[in-house]
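>
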Amino acid sequence: MIPKPYRQMHDQFPEYMQAYEAFAAAAAKSGPLDAKSVALTKLAISIGAGLEGGTHSHARKALEAGCLPDELRHVAMLSAPTIGFPTMMRARMWVEDVLTKAAAKESTETQQP
């Protein structure tokens, strides 16, 4: 699921968004980390920066990269000593938002004939 504001940016500024996405892809490929490690790292950065939208986005991308739900939860929990327990709990709720939606989607897809 791509958020509406992101899609709107694509519609309004396609060249800008293509450049942004190329930059992000180049950054991901610039070192030795595999896709799963990159996804978990970007999730951790979003959590540390307090970015709800970024946390949601990178949690979704981490699942797409093959990360397990408990790995996403672990990343959130690891943040507590650095950003504080209450802030970690907020971030954990953001991760759970994504996991709940993903589980509901998976359940719906498996129930269809």
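Start counting at 1 in the sequence shown, then tack on 36, and there's your number in the numbering used here. Heads up, the beta-carbon is just placed ideally off N, CA and C, and yes, glycines get one too. Since this is a predicted model, take the numbers as computed values, not measurements.
1) Closest by CA to Lys-137, which one among Val-111, His-92, Met-125 and His-46?
2) Hey, would you say Leu-134 sits closer than 9 Å to Leu-104, going by beta carbons?
3) Under 9 Å between the Cβ atoms of Ile-83 and Ile-119?
4) Relative to the C-alpha of Leu-87, which residue among Gln-48, Thr-144 and Trp-130 is closest?
5) Determine, using beta carbons only, whether Leu-79 and Lys-97 come nearer to each other than 9 Å.
6) Between the beta-carbon of Ala-95 and the beta-carbon of Leu-114, is there less than 9 Å?
7) Fully enclosed by the region 77-113, which alpha helix (DSSP H) runs are 4 residues long or longer?
8) Quick one: what does DSSP say Ser-73 is sitting in, helix, strand or coil?
On the basis of the coordinates in this document:
1) His-92
2) With the sequence shown as reference, residue 134 is identified as Val, and Leu is not the correct amino acid for it. Contact: no.
3) yes
4) Trp-130
5) yes
6) no
7) 88-100
8) helix
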